[in-house]
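Residue numbers are given in the working numbering: position 15 of the sequence shown equals residue 23, and the series is strictly consecutive.
The C-beta atom is built at its ideal place from N, Cα and C for all residues, glycine as well.
Below is one structure, written out as structure tokens; the observations come after it.
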Amino acid sequence: MESDMSNVSRTGKEEINNATSQTTFGKSVESQAQIQDAQASPDAGGEMLNIYRLEPIAAPDDLRWDNSPGHGTVVVAARTAGDARIVAAARELDFMEVDAAPAEDVTTVNASAFRDDKLYTVIEIERHRGDVTRGVLDGAIAVDTIRPVQSD
9 MESDMSNVSR
19 TGKEEINNAT
29 SQTTFGKSVE
39 SQAQIQDAQA
49 SPDAGGEMLN
59 IYRLEPIAAP
69 DDLRWDNSPG
79 HGTVVVAART
89 AGDARIVAAA
99 RELDFMEVDA
109 APAEDVTTVN
119 ASAFRDDKLY
129 TVIEIERHRG
139 DVTRGVLDGA
149 IAVDTIRPVQ
159 SD
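Listed below in structure tokens is the structure:
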């Protein structure tokens with residue numbers, strides 16, 4: 009009898025199960041971009057980016073706006089349409105920066121209106137620009153989307 013603490017069992021004649029899968033994480037364009045961003049210096053330019061306009065598409069009285077306040081139209085330089093949503097959402101205040109609790113995750117970035125395709129659409133307006141830096145180019149993104157749980 010073996011004394012390991014694994015919950016993996018072997019029955020029958022199949023190969024030994026070592027509780028690993030062939031799934032690989034971090035291979036998407038967005039994941040690779042985040043890894044590169046973490047390793048790059050702030051002045052590392054020369055990357056070919058696209059320009060995207062994020063526009064609100066939900067009606068002003070749509071109940072989704074109650075959970076994720078809108079910011080109007082925003083223009084960003086990003087790698088992909090999905091990255092454009094990430095770039096815009098990153099400009100919002102995160103709960104970790106104030107005395108507030110997250111809704112569903114360890115960060116409130118995932119609750120951003122920019123990440124909701126029912127609230128915002130992403131429109132590519134230019135391609136292959138090497139003269140811009142990844143980030144918000146135009147539009148105001150408010151930082152008061154998070155309400156503190158305690159008043160100062």
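Using a Cβ distance threshold of 8 Å, A97 and F122 count as a contacting pair. Distance between V83 and D74, taken at the CA atoms: about 23 Å. DSSP, reduced to helix, strand and coil, places I65 outside both helices and strands of the structure shown, so it counts as coil. In terms of Cβ geometry, A41 and D91 form a close pair [threshold 8 Å]. Straight-line measurement puts the Cα of H79 at about 12 Å from the Cα of P68.
If you draw a straight line from the Cα of K126 to the Cα of G138, it comes to about 31 Å. Pairing I133 with L62, the inter-Cα distance amounts to about 10 Å.
DSSP lists R137 as the beta-bridge partner residues of L57. By DSSP's assignment, T129 forms a beta bridge with E63.
If the five residues before and after I131 are omitted, its C-beta is found closer than 7 Å to the C-beta atoms of Y60, R61 and E63, all from its own chain and listed in chain order.
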